[in-house]
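Structure first, then comments.
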Amino acid sequence: MDRLFSHRLPWATAENALARAEAAARAAGRPLLDLTVSNPTQVGLPYPDEEIARAFAEAAASPYQPAPFGLPGARAAVVADYARRGVGLDVNQVVLTASSSESYALLFKLLGDPGQRVLCPEPSYPLFEYLARLENLTPQPYRLRFDGSWHIDFDSLNFTDAAAIVLVSPNNPTGSFVSGDDFDRLAQLAAEHGQALIVDEVFADFPLSPAADAVTAVAGRPSPGLVFSLGGLSKSCGVPHLKLGWMAASGPAALVRGALSRLELIADTYLSVGTPVQLALPGLLQAGAAIRRLILERVQRNRHALASALGAYSPCTLLPAEAGWCAILRVPETMSDEAWASALLENDGVLVQPGYFFDLDEGATLVLSLIAQEQVFAEGVTRLLARVVGI
Ligand SMILES: Cc1ncc(COP(=O)(O)O)c(C=O)c1O
1033 MDRLFSHRLP
1043 WATAENALAR
1053 AEAAARAAGR
1063 PLLDLTVSNP
1073 TQVGLPYPDE
1083 EIARAFAEAA
1093 ASPYQPAPFG
1103 LPGARAAVVA
1113 DYARRGVGLD
1123 VNQVVLTASS
1133 SESYALLFKL
1143 LGDPGQRVLC
1153 PEPSYPLFEY
1163 LARLENLTPQ
1173 PYRLRFDGSW
1183 HIDFDSLNFT
1193 DAAAIVLVSP
1203 NNPTGSFVSG
1213 DDFDRLAQLA
1223 AEHGQALIVD
1233 EVFADFPLSP
1243 AADAVTAVAG
1253 RPSPGLVFSL
1263 GGLSKSCGVP
1273 HLKLGWMAAS
1283 GPAALVRGAL
1293 SRLELIADTY
1303 LSVGTPVQLA
1313 LPGLLQAGAA
1323 IRRLILERVQ
1333 RNRHALASAL
1343 GAYSPCTLLP
1353 AEAGWCAILR
1363 VPETMSDEAW
1373 ASALLENDGV
1383 LVQPGYFFDL
1393 DEGATLVLSL
1403 IAQEQVFAEG
1413 VTRLLARVVG
1423 I
């Protein structure tokens, strides 16, 4: 078997103890309060189904229209959506993909040779490990450090021979936008090393309270080197099932041209974005505005409820966040974050993610999804705090 299959992933990753305990609880029919939910279509939000159906009405009868970078009307709709956020882009800078995960895959093919390293932030969403390895690249973490706000630890960045640098802004789960100083320094260093920046901005549409120096949109910002900004319907419109993402290339014109001509060949090889979703895109982006508002209101209400429940003298600390769908709660270090998560699952029927899932290194932390239904969230938080106080 070992010679039959590739070694790009360690396929036999054992299920962790928490996942096993969750599966056992579900198999036993135990009701769980799920504060890990990340699927916005399953948290009881009233989606504008008719508007979404109308957006697809004409698309369904359309013939197949292959276009490596996407149909002109759909790319123009993405440009108009960036304009909503005050970002000016040209349609030629925009490439459509099936998701932001696919954008990463195309960019890793464009930028990396097998065996090269990709610099990825830690803490962050545990996705890059797989995306990089699937392209035969080696993810190498660099640290974000917390001193009341999150900063890039530049000493932990090793640019030598790296294929590309990934930046996530706002980062998941820290909810931190990159600061202007950090971005400019990173962009300068990447350009000096002849490396491209891949900036994941999928949560940029969910600002809570950005710091004064936060870069709330990297797309369209002048940069000395090649920069790709990633976005997509999955988060910005809460419709991950419709499978449409995009990236915007910017930087010196010759580099952008060189990148796009190669990227066109890669995208043409797959042609993975469906014609109907592209034709529906202008209508979907409109319908998505209402979903985005619902999600943002949900996130704000749950975050507020959590802060209120903690009060002034709680043994737990809610880390500040500028954006995103998560809350990071620091809990007493009387036990590990994994032990806290297990205790909550076993004793209280509350499902939370331990901070180590995201390589958080800030004491014992738990990550809570702020898109969970409000009653579920409130009850989960009540049980969580009762456990913390009771120990
Ligand atoms: C920071 C970040 N980027 C990208 C993705 C993947 O998004 P998509 O559904 O567009 O592939 C996720 C998924 O949660 C994410 O957290």
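First residue of the sequence shown: 1033, per the working numbering; consecutive thereafter.
Beta carbons are placed, not taken as given, at the ideal position from N, Cα and C, and that holds for glycine.
Owing to the predicted nature of the structure, the values given are computational and were not obtained by experimental measurement.
In angstroms, rounded to a whole number, what distance separates the CA positions of L1166 and R1040? For the purposes of this step, residue 1166 is identified with residue 134 of the sequence shown, where counting begins at 1. For the purposes of this step, residue 1040 is identified with residue 8 of the sequence shown, where counting begins at 1. Going from the Cα of L1166 to the Cα of R1040 covers about 6 Å.
Output needed for D1445: all residues of its chain with C-beta closer than 6 Å, excluding positions within five of it in sequence on either side, in chain order. Given a span of 1033 to 1423 for the chain in the structure shown, any question on residue 1445 remains unanswerable.
Give me the Cα-Cα distance between L1139 and R1058, rounded to the nearest whole angstrom. Sequence index remark: in the sequence shown, residue 1139 carries index 107 (1-based). Sequence index remark: in the sequence shown, residue 1058 carries index 26 (1-based). In a straight line, the C-alpha of L1139 is about 38 Å away from that of R1058.
When every heavy atom of ligand 1 is checked, does at least one fall within less than 7 Å of the C-beta of G1277? Counted from its first residue, the sequence shown places residue 1277 at position 245. Yes, Cβ of G1277 sits closer than 7 Å to a heavy atom of ligand 1.
Buried or exposed: E1365, going by 16 or more other Cβ atoms within 10 Å of its Cβ? Here the question's residue 1365 lines up with position 333 in the sequence shown. With fewer than 16 Cβ atoms within 10 Å of its Cβ, E1365 is classed as exposed.
What first and last residue would you give for the beta strand (DSSP E) that runs through A1373? Indexing the sequence shown from 1 puts residue 1373 at position 341. If you look at A1373, you'll find it isn't in any beta strand (DSSP E); it sits in the alpha helix (DSSP H) that goes D1369 to D1380.
Is DSSP giving L1326 helix, strand or coil here? Counting from 1 along the sequence shown, the entry for residue 1326 is found at position 294. Looking at L1326 - three-state DSSP - the assignment turns out to be helix.
Please specify which runs of the beta strand (DSSP E), each continuous and at least 3 residues long, are wholly inside the stretch 1218-1244, giving them in chain order. 1228-1232
So is R1217 buried or exposed if we call it buried at 16+ other beta carbons inside 10 Å? As a working note, residue 1217 is residue 185 in the sequence shown. With fewer than 16 other Cβ atoms inside 10 Å of its own Cβ, R1217 counts as exposed.
Please state whether the Cβ-Cβ distance between A1055 and S1374 is less than 8 Å. Taking the sequence shown and counting its residues from 1, one reaches residue 1055 at position 23. Taking the sequence shown and counting its residues from 1, one reaches residue 1374 at position 342. No.
Would you say S1261 touches ligand 1, meaning its beta carbon is less than 7 Å from a heavy atom? Working through the sequence shown from its first residue, we reach residue 1261 at position 229. No; taking the cut-off as 7 Å, the Cβ of S1261 has no heavy atom of ligand 1 nearer than that.
Could you pull out every residue in the same chain whose Cβ sits closer than 7 Å to the Cβ of L1151, ignoring the five residues on either side in sequence? Looking up residue 1151 in the sequence shown gives position 119. Answer for L1151: Q1172, Y1174, L1189, A1194, I1197 and V1198, listed in chain order.
For R1362 versus C1348, is the C-beta distance shorter than 8 Å? In the sequence shown, residue 1362 corresponds to position 330, counting from 1. In the sequence shown, residue 1348 corresponds to position 316, counting from 1. It is a contact, given that the beta carbons lie within the stated cut-off.
From what residue to what residue does the alpha helix (DSSP H) around R1165 run? Looking up residue 1165 in the sequence shown gives position 133. That run of the alpha helix (DSSP H) goes F1160 to L1166.
CB of V1331 to nearest heavy atom of ligand 1: below 7 Å? Within the sequence shown, numbered from 1, the residue matching residue 1331 stands at position 299. Flag unset: Cβ of V1331 not near ligand 1.
Judging by CA-CA distance, which residue of L1121, G1147, A1236 and L1287 is the nearest neighbour of C1269? Along the sequence shown, read from residue 1 onward, the residue named residue 1269 stands at position 237. Ranking L1121, G1147, A1236 and L1287 by Cα distance to C1269 puts A1236 first.
Whole-angstrom C-beta distance between F1238 and W1357, which should lie under 8 Å: In the sequence shown, residue 1357 corresponds to position 325, counting from 1. In the sequence shown, residue 1238 corresponds to position 206, counting from 1. That belief holds up - the Cβ atoms of W1357 and F1238 are roughly 7 Å apart, short of 8 Å.
Ends of the beta strand (DSSP E) at Y1174? For this step, residue 1174 is matched to residue 142 along the sequence shown. T1170 to F1178 is the span of the beta strand (DSSP E), which, as asked, contains Y1174.
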